[in-house]
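Novice: Handing you this structure, nothing more for now.
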Amino acid sequence: MDTQSAAMLPFNLKIISTDENGIPSLGVPFLAMFNPENIAINETVSWNEKKPVGQAGTDPTFVGIQPRTFTIELTLDGTGVNTNGVKIPVTAQVLLFRAATTSINGTLHKPNYLLIQYGLFICNCCLKSSTVTYTMFDMFGLPIRAKISATFTERTPQALGGILSMLSSPDLTHTVPIKQWDLLPLLTYRIYKDQNYYLQVAKVNKLKNFRKLTAGSSLIFPPISNK
44 MDTQSAAMLP
54 FNLKIISTDE
64 NGIPSLGVPF
74 LAMFNPENIA
84 INETVSWNEK
94 KPVGQAGTDP
104 TFVGIQPRTF
114 TIELTLDGTG
124 VNTNGVKIPV
134 TAQVLLFRAA
144 TTSINGTLHK
154 PNYLLIQYGL
164 FICNCCLKSS
174 TVTYTMFDMF
184 GLPIRAKISA
194 TFTERTPQAL
204 GGILSMLSSP
214 DLTHTVPIKQ
224 WDLLPLLTYR
234 IYKDQNYYLQ
244 VAKVNKLKNF
254 RKLTAGSSLI
264 FPPISNK
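First residue of the sequence shown? That's 44 in the numbering used here, and the numbers climb one at a time after it.
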């Protein structure tokens, strides 16, 4: 590999260890020698499909959306083909990968939280599983090429999760734009998880007829006073 290609290595996929809030640690990130050819992203929607006894069919009940998982395949090379002839042992590269992803963090008392960055793909996550396949050996039986298939689970850092929970809290004032066919009881339920507050909302917004909302206008949903 020529000098220009080697110089592009800093732009390759990076696996960076972070704390629980997604702030990068001081450790050296794992830098992929070759960028992945693809990233497979899996999204799972959970439904309760339990069928009542004696009923022919069932209407699945929505349970929730699981955190996304994604799988990346990384190529490790110990021949120096992509590092200007500098041979980095494959076993050392595997150890660097494990140090970033599976070694126990003394502060967290568990493996590192991770931040993966490749181009515009940026994701806070943790390693779910990995498989190392050694594909080439030298005359002494030492591995000189390998592939790592790694699956990661997306996560929301604690600080961001707290902010998101706070922003969706019924204890804050919400301003909701009205769309055609919106119904006040349903909007009230969406904010408070209880539609019984719709008359109070109508009073706060001085609605003359809460059954006919004006599309394009906005309604204020104040904090619940009894909380």
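Using N, Cα and C, we set each Cβ at its ideal position, and we do this for glycine too.
(1) Could you compute how far the alpha carbon of Ser60 sits from the alpha carbon of Trp90?
(2) May I ask you to report which of helix, strand or coil DSSP gives Val247?
(3) Just verifying my parser: in three-state terms, what is the DSSP assignment at Gln160?
(4) Nearest CA to the CA of Thr196: which residue from Ile108, Phe113, Thr87 and Met179?
(5) Is the segment 218–225 close to the segment 253–270, with three or more CB pairs under 8 Å?
(6) How far does the beta strand (DSSP E) with Phe264 in it extend, from its first residue to its last?
(7) Around the Cβ of Ala135, are there at least 16 other Cβ atoms within 10 angstroms (buried) or fewer (exposed)?
(8) Of the choices Tyr241, Lys236, Leu250 and Met76, whose alpha-carbon is the least far from that of Leu139?
(9) Who does Thr174 pair with in a DSSP beta bridge?
(10) What does DSSP give as the partner residues of Pro154 in its beta bridges?
(11) Tell me whether Ile66 sits in a helix, a strand or coil according to DSSP, three-state version.
(12) Along the chain, where does the beta strand (DSSP E) that runs through Pro228 open and close?
(13) Quick check: the Cα distance between Gln160 and Cys166, rounded to an integer number of angstroms?
(14) Could you pull out every residue in the same chain whose Cβ sits closer than 6 Å to the Cβ of Ile82, ignoring the five residues on either side in sequence?
(15) How big is the Cα-Cα spacing for Phe54 and Ile234?
(16) Quick check: what's the CA-CA separation for Thr12 versus Asp102?
(17) In the DSSP assignment, find the beta strand (DSSP E) that holds Ala83 and state where it starts and stops.
Specialist: Taking the definition as stated:
(1) 33 Å
(2) helix
(3) strand
(4) Phe113
(5) yes
(6) Ser261 to Phe264
(7) exposed
(8) Met76
(9) Ser192
(10) Ile147
(11) coil
(12) Not the beta strand (DSSP E): Pro228 falls in the alpha helix (DSSP H), residues Leu227 to Tyr235.
(13) 7 Å
(14) Phe113 and Ile115
(15) 43 Å
(16) Nothing about residue 12 can be reported from this structure: the residues present for the chain run from 44 to 270 only.
(17) Ile82 to Asn85
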